[in-house]
Amino acid sequence: QQQVKQSPQSLIVQKGGISIINCAYENTAFDYFPWYQQFPGKGPALLIAIRPDVSEKKEGRFTISFNKSAKQFSLHIMDSQPGDSATYFCAAGKTTNAGKSTFGDGTTLTVKP
Amino acid sequence: NAGVTQTPKFRILKIGQSMTLQCTQDMNHNYMYWYRQDPGMGLKLIYYSVGAGITDKGEVPNGYNVSRSTTEDFPLRLELAAPSQTSVYFCASSITPGGTEAFFGQGTRLTVV
């Protein structure tokens, strides 16, 4: 049973456009929702994260929107750039339990110049 | 500032062989994790540790073993390698539980033939 479902699997966006990646989770005990960015041949790197007490968090061109009642959260990349081309993973975790983090299957984003 | 260092970067094993994937971190993090990443899939937690001397199973522990004798090191042992263990392995560490703000190594690409 997959606890975090991520969509789409792949995404192609024109330079300057908005990239949107969605995730849905099942376990209401999760209280930490990070997004990771992974370039080919590299390990994932934390991009931005949100806790369920806020509905939105913005860092530069990256925004997380969080809908607690729907158990969904999404990553928005504004003014997408070719350098944003990477695989993005959402995750959900419980800050009091080290063994309960779970990842989505990833979205491969291609930003065309 | 090294962060999380994994060795080796690549390895080819024959079926039935054993090996140890090394992981060390220099951030004095208590929490460490081993994940495997299969193509088109998210990261699956193999084992985790909440501190020296304490380890626990994650989602996919079968065929693996870990130890944590020091805060810095968290090696992953594969006994009797099988083709199903062909994957990319990532080690990560975090200062808080739940995988929050985790830092990842660059990964070990393992092929079992």
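From first to last, the protein sequence lines stand for chains D and V. Residues in the first sequence are numbered from 8 upward in steps of one, following our numbering. Residues in the second sequence are numbered from 7 upward in steps of one, following our numbering. Virtual Cβ for every residue (Gly too), placed ideally from N, Cα, C.
What residue does the beta strand (DSSP E) around residue i start on, and which one ends it?
{"i": "L51 (chain V)", "result": "49–57"}
{"i": "T114 (chain V)", "result": "114–118"}
{"i": "R17 (chain V)", "result": "16–19"}
{"i": "G106 (chain D)", "result": "104–110"}
{"i": "R42 (chain V)", "result": "37–43"}
{"i": "D62 (chain V)", "result": "60–63"}
{"i": "P103 (chain V)", "result": "That residue, P103 (chain V), is in no beta strand (DSSP E); it is neither H nor E in DSSP."}
{"i": "N34 (chain V)", "result": "It is not in any beta strand (DSSP E) - N34 (chain V) carries neither H nor E in the DSSP assignment."}
{"i": "I19 (chain D)", "result": "17–21"}
{"i": "Y26 (chain D)", "result": "Going by the sequence as given, residue 26 (chain D) is Ser instead of Tyr. It spans 26–32 - the beta strand (DSSP E) in which S26 (chain D) sits, taken as one unbroken run."}
Name, please, each residue of chain D whose Cβ falls closer than 8 Å to the Cβ of residue i.
{"i": "E107 (chain V)", "result": "P41, L53, A56"}
{"i": "F96 (chain V)", "result": "G50, P51"}
{"i": "Y37 (chain V)", "result": "A105"}
{"i": "V56 (chain V)", "result": "A105"}
Strictly below 9 Å CB to CB, what residues from chain V border residue i?
{"i": "A31 (chain D)", "result": "Going along chain V, no residue has its Cβ under 9 Å from A31 (chain D), so there is no contact; the nearest lies around 14 Å."}
{"i": "S92 (chain D)", "result": "What S92 (chain D) touches in chain V: nothing, since even the nearest Cβ is about 17 Å away."}
{"i": "F69 (chain D)", "result": "Within chain V, no residue comes near F69 (chain D); the closest Cβ sits about 16 Å away, beyond 9 Å."}
{"i": "F73 (chain D)", "result": "Those do not exist, as F73 (chain D) stays about 16 Å from chain V at its closest Cβ, beyond 9 Å."}
Below 6 Å CB to CB, which residues in the same chain sit around residue i once its five sequence neighbours on both sides are set aside?
{"i": "S99 (chain V)", "result": "V10, Q31, H35, M38, F109"}
{"i": "I101 (chain V)", "result": "H35"}
{"i": "K12 (chain D)", "result": "A31"}
{"i": "T115 (chain D)", "result": "S17, T94"}
{"i": "I18 (chain V)", "result": "T117"}
{"i": "S62 (chain D)", "result": "F73"}
{"i": "I28 (chain D)", "result": "L82, Y95, T114"}
{"i": "P120 (chain D)", "result": "K22, P89"}
{"i": "T26 (chain V)", "result": "P81, R83"}
Grab me the residues of residue i's own chain with a C-beta within less than 8 Å of its C-beta, minus the 5 sequence neighbours each way, in chain order.
{"i": "K20 (chain V)", "result": "A87, V118, V119"}
{"i": "A56 (chain D)", "result": "Y39, F40, P41, W42, K64, I71"}
Give the interface partners of residue i over in chain D, defined as CB-CB distance under 9 Å, in chain order.
{"i": "F110 (chain V)", "result": "Y43, Q45, K49, G50, P51, A52, L53"}
{"i": "G145 (chain V)", "result": "The first residue shown for chain V is 7 and the last is 119, placing residue 145 (chain V) beyond what the model contains."}
{"i": "D62 (chain V)", "result": "A105, G106"}
If the cut is a Cβ gap below 7 Å, which residues of chain V does residue i touch?
{"i": "D112 (chain D)", "result": "G46, M47, G48"}
{"i": "F80 (chain D)", "result": "Result: empty, since nearest Cβ-Cβ is about 15 Å, beyond 7 Å."}
I want to verify the contact list: residues of chain D whose CB lies under 7 Å from the CB of residue i, in sequence order.
{"i": "P103 (chain V)", "result": "T102, T103, N104, A105"}
How close, in whole Å, do the beta carbons of residue i and residue j come, if the pair is a contact with beta carbons under 8 Å?
{"i": "E33 (chain D)", "j": "K78 (chain D)", "result": "7 Å"}
{"i": "V56 (chain V)", "j": "P103 (chain V)", "result": "7 Å"}
{"i": "K50 (chain V)", "j": "Q112 (chain V)", "result": "Contact doesn't hold; Cβ gap of about 18 Å is too wide."}
{"i": "A105 (chain D)", "j": "Y54 (chain V)", "result": "5 Å"}
{"i": "T77 (chain V)", "j": "Q12 (chain V)", "result": "17 Å between Cβ atoms; not a contact."}
Can you list, in chain order, the residues of its chain whose CB lies under 7 Å from that of residue i, leaving out five sequence neighbours each side?
{"i": "A161 (chain D)", "result": "Given that chain D is displayed from residue 8 to residue 120, the structure contains no residue 161 (chain D) and the question cannot be resolved."}
{"i": "R58 (chain D)", "result": "D38, Y39"}
{"i": "Q23 (chain V)", "result": "A87"}
{"i": "G90 (chain D)", "result": "none"}
{"i": "P172 (chain D)", "result": "One cannot answer for residue 172 (chain D) here, as it falls past the ends of chain D, which runs 8 to 120."}
The ligand NAP and residue i: does the residue's C-beta get closer than 7 Å to at least one heavy atom of that ligand?
{"i": "A98 (chain V)", "result": "Ligands displayed in this structure: none; no statement on the ligand NAP is therefore possible."}
For this session: Determine contact between the region 27–47 of chain D and the region 92–106 of chain D, defined as no fewer than three beta-carbon pairs at a distance below 8 Å.
Result: yes
For this session: Could you say if the region 107–115 of chain D and the region 48–66 of chain V meet the contact criterion of at least three C-beta pairs nearer than 8 Å?
Result: yes
Problem set entry | the region 82–93 of chain V in contact with the region 11–24 of chain D per 3-pair CB rule at 8 Å | no
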